[in-house]
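Numbering-wise, the working numbering puts 189 at position 189 of the sequence shown, and it's gapless, one number per residue.
In this text, a Cβ means the ideal position worked out from N, Cα and C, and glycines have one as well.
Report on one structure; see the data block that follows.
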Amino acid sequence: MSDKPEKRGGFFGAFRRAAMPAAPAPDPGESPAAAAVQAPEAAAATVAEPAGDKKQGWFQRLKAGLTKTSARLSQDIAGIFTKRKLDADTLEELEDLLIQADLGVDTAMRITAALAKGRHDKEITPEEVRAVLASEVERALAPVARPLRIEGDHRPHVVLVVGVNGTGKTTTIGKIAHQLRREGKTVLLAAGDTFRAAAIDQLKIWGERTGAEVVARAVGADSAGLAFDALTLARDKRCDVLLIDTAGRLQNKQALMDELEKVLRVLRKVDPSAPHQVLLVLDATTGQNALNQVEVFKDKAGVTGLVMTKLDGTARGGILVAISAKFGLPVHAIGVGEGIEDLSAFDAREFARAIALG
Ligand SMILES: Nc1nc2c(ncn2[C@@H]2O[C@H](COP(=O)(O)OP(=O)(O)O)[C@@H](O)[C@H]2O)c(=O)[nH]1
Ligand SMILES: [Mg+2]
Numbered sequence: 001m002s003d004k005p006e007k008r009g010g011f012f013g014a015f016r017r018a019a020m021p022a023a024p025a026p027d028p029g030e031s032p033a034a035a036a037v038q039a040p041e042a043a044a045a046t047v048a049e050p051a052g053d054k055k056q057g058w059f060q061r062l063k064a065g066l067t068k069t070s071a072r073l074s075q076d077i078a079g080i081f082t083k084r085k086l087d088a089d090t091l092e093e094l095e096d097l098l099i100q101a102d103l104g105v106d107t108a109m110r111i112t113a114a115l116a117k118g119r120h121d122k123e124i125t126p127e128e129v130r131a132v133l134a135s136e137v138e139r140a141l142a143p144v145a146r147p148l149r150i151e152g153d154h155r156p157h158v159v160l161v162v163g164v165n166g167t168g169k170t171t172t173i174g175k176i177a178h179q180l181r182r183e184g185k186t187v188l189l190a191a192g193d194t195f196r197a198a199a200i201d202q203l204k205i206w207g208e209r210t211g212a213e214v215v216a217r218a219v220g221a222d223s224a225g226l227a228f229d230a231l232t233l234a235r236d237k238r239c240d241v242l243l244i245d246t247a248g249r250l251q252n253k254q255a256l257m258d259e260l261e262k263v264l265r266v267l268r269k270v271d272p273s274a275p276h277q278v279l280l281v282l283d284a285t286t287g288q289n290a291l292n293q294v295e296v297f298k299d300k301a302g303v304t305g306l307v308m309t310k311l312d313g314t315a316r317g318g319i320l321v322a323i324s325a326k327f328g329l330p331v332h333a334i335g336v337g338e339g340i341e342d343l344s345a346f347d348a349r350e351f352a353r354a355i356a357l358g
């Protein structure tokens with residue numbers, strides 16, 4: 001793994017103690033550079049890189065990661081629209097393909113409707129179709145694209161990370177810790193997945209890598225008790241941020257939810273305002289399954305925002321659009337690799353262009 005400080009546009013450009021009101025959702029018509037400028041970050045030296053080579057480099061990486069999604073879409077769109085008119089048949093074929101690309105029925109219908117406007121019985125090129133797709137996907141995603149931010153003056157700011165096993169919770173915690181540490185924040189990690197020794201060790205490794213202290217107990221220990229200890233310690237030490245890992249064994253849904261509810265209750269005993277954020281981590285490669293996972297966790301765990309991982313190398317990147325259309329939960333960040341730097345603020349325009357235009 002490379003630890004070289006390759007920065008990209010500041011995922012935590014906005015992950016800061018917000019002395020200022022929340023920035024509005026980016027205007028869909030805005031360029032990525034303009035969006036980054038809109039949220040200036042004076043304090044953190046790691047953040048002030050809205051434009052230029054590195055930003056461009058990041059976009060290239062995002063595009064590369066989403067190649068499978070975009071290649072399939074562009075090939076299928078070309079298959080439908082090469083030398084054919086826009087009529088009921090081609091529109092229906094397009095709608096089917098967008099649904100198959102995991103964009104969701106509502107979004108698929110919205111896109112075909114937007115395309116049909118004023119173009120009936122006219123010849124249309126695959127490029128035009130993809131341009132409409134890009135702008136409609138951007139429009140669907142713009143309201144939910146919101147960088148993770150620390151609001152209020154909680155010390156610690158408590159972030160609970162939930163999700164099914166294997167989605168990338170622990171890795172995402174490591175990546176977030178890295179970003180925060182680079183901003184000079186003190187970070188405590190709680191190894192709340194107490195079921196597996198490997199899960200505890202994995203978080204400890206991330207702690208070493210990022211210079212964050214880790215609170216852990218033996219395998220099989222009560223995770224709510226651990227959360228209680230971790231928050232008490234973080235408060236006593238006046239840590240900036242506490243990131244709490246959790247188990248995600250969905251085989252026993254009820255037990256998992258009971259456990260999460262217990263963790264939430266215990267945290268509130270120490271700090272009635274905690275947790276300040278509950279991040280649901282979703283794995284893009286699971287496609288439609290990710291939708292079910294949002295249903296399961298959303299209310300019970302009080303999810304406040306999403307992180308979608310494994311957008312590198314999946315043909316199922318469209319699922320993010322369906323999830324956004326259905327739930328409207330903020331999408332904070334996306335994972336595009338296993339490395340420490342492979343987490344980026346979610347940008348609607350970049351994402352839309354990467355999947356629609358390739
Ligand atoms: N390709 C890729 N792999 C990832 C990403 N995020 C996590 N992983 C990998 O997914 C696997 C499961 O991640 P882990 O953090 O242990 O998941 P957890 O069970 O939810 O804590 C690990 O092998 C990670 O390296 C990502 O964005 N892209
Ligand atoms: Mg884990």
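Nearest-angstrom Cα separation, counted from residue j out to residue i
i	j	result
Ala-224	Glu-259	7 Å
Arg-119	Arg-130	14 Å
Asp-236	Thr-67	47 Å
Ala-230	Asp-299	24 Å
Gly-335	Thr-125	33 Å
Gly-287	Ala-234	37 Å
Arg-349	Ala-199	35 Å
Glu-128	Met-109	17 Å
Ile-99	Lys-117	20 Å
Asp-153	Gly-184	16 Å
Arg-316	Leu-329	19 Å
Gln-60	Leu-311	13 Å
Lys-63	Gly-337	13 Å
Ile-340	Leu-86	46 Å
Thr-285	Leu-343	16 Å
Thr-232	Arg-238	10 Å
His-178	Thr-210	5 Å
Phe-81	Ala-88	12 Å
Ala-142	Arg-155	31 Å
Gly-313	Gly-65	5 Å
Own chain partners of residue i with C-beta closer than 7 Å, once the 5 adjacent residues on each side are dropped
i	result
Ala-134	Ala-352, Arg-353, Ala-356, Leu-357
Gly-207	Leu-189, Glu-213, Val-214
Ala-140	Thr-107, Val-321, Ser-324, Ala-325
Gly-363	This structure cannot speak to residue 363, because the chain is shown only from 1 to 358.
Arg-84	Thr-90
Thr-172	Val-161, Val-281, Val-307, Thr-309, Gly-335, Leu-343
Ala-197	Val-219
Test item: CB-CB of residue i and residue j under 9 Å
i	j	result
Leu-362	Val-159	The question about residue 362 has no answer, for the chain in this structure spans 1 to 358.
Ile-205	Gly-174	yes
Lys-253	Val-296	yes
Leu-97	Leu-115	no
Asp-102	Val-270	no
Leu-267	Ala-227	yes
Ser-359	Val-144	Summary: the structure shown does not reach residue 359, with the chain confined to residues 1 through 358, and so no result is reported for it.
Gln-293	Val-137	no
Gly-168	Asp-283	yes
Val-162	Ala-71	no
Glu-123	Thr-112	no
Residue i versus the options, residue with shortest Cα-Cα distance
i	options	result
His-157	Thr-125, Ala-345, Thr-232, Pro-275	Pro-275
Thr-309	Leu-115, Asp-87, Ala-290, Phe-195	Ala-290
Thr-90	Ile-319, Asp-121, Thr-170	Asp-121
Asp-240	Gln-277, Leu-264, Leu-180	Leu-180
Ile-150	Arg-196, Thr-210, Leu-343, Ile-176	Ile-176
Leu-250	Ala-78, Val-132, Glu-92, Phe-195	Phe-195
Ala-78	Glu-93, Ala-88, Gly-65	Glu-93
Own chain, CB closer than 8 Å to residue i, minus 5 neighbours either side, in chain order
i	result
His-332	Arg-146, Pro-147, Leu-148, Leu-279, Gly-305, Leu-306, Val-307, Ala-345, Phe-346
Ala-191	Ala-199, Ile-200, Leu-203, Lys-204, Val-214, Val-215, Ala-216, Arg-217, Leu-226, Asp-245
Asp-193	Lys-169, Thr-170, Ala-199, Ile-200, Leu-203, Ser-223, Asp-245, Thr-246, Ala-247, Gly-248
Val-132	Ile-111, Ala-114, Leu-115
Close Cβ partners of residue i (< 6 Å) along its chain, the five nearest in sequence each way excluded
i	result
Gln-277	Val-159, Thr-304
Thr-186	Cys-239, Asp-240
Phe-327	Val-294
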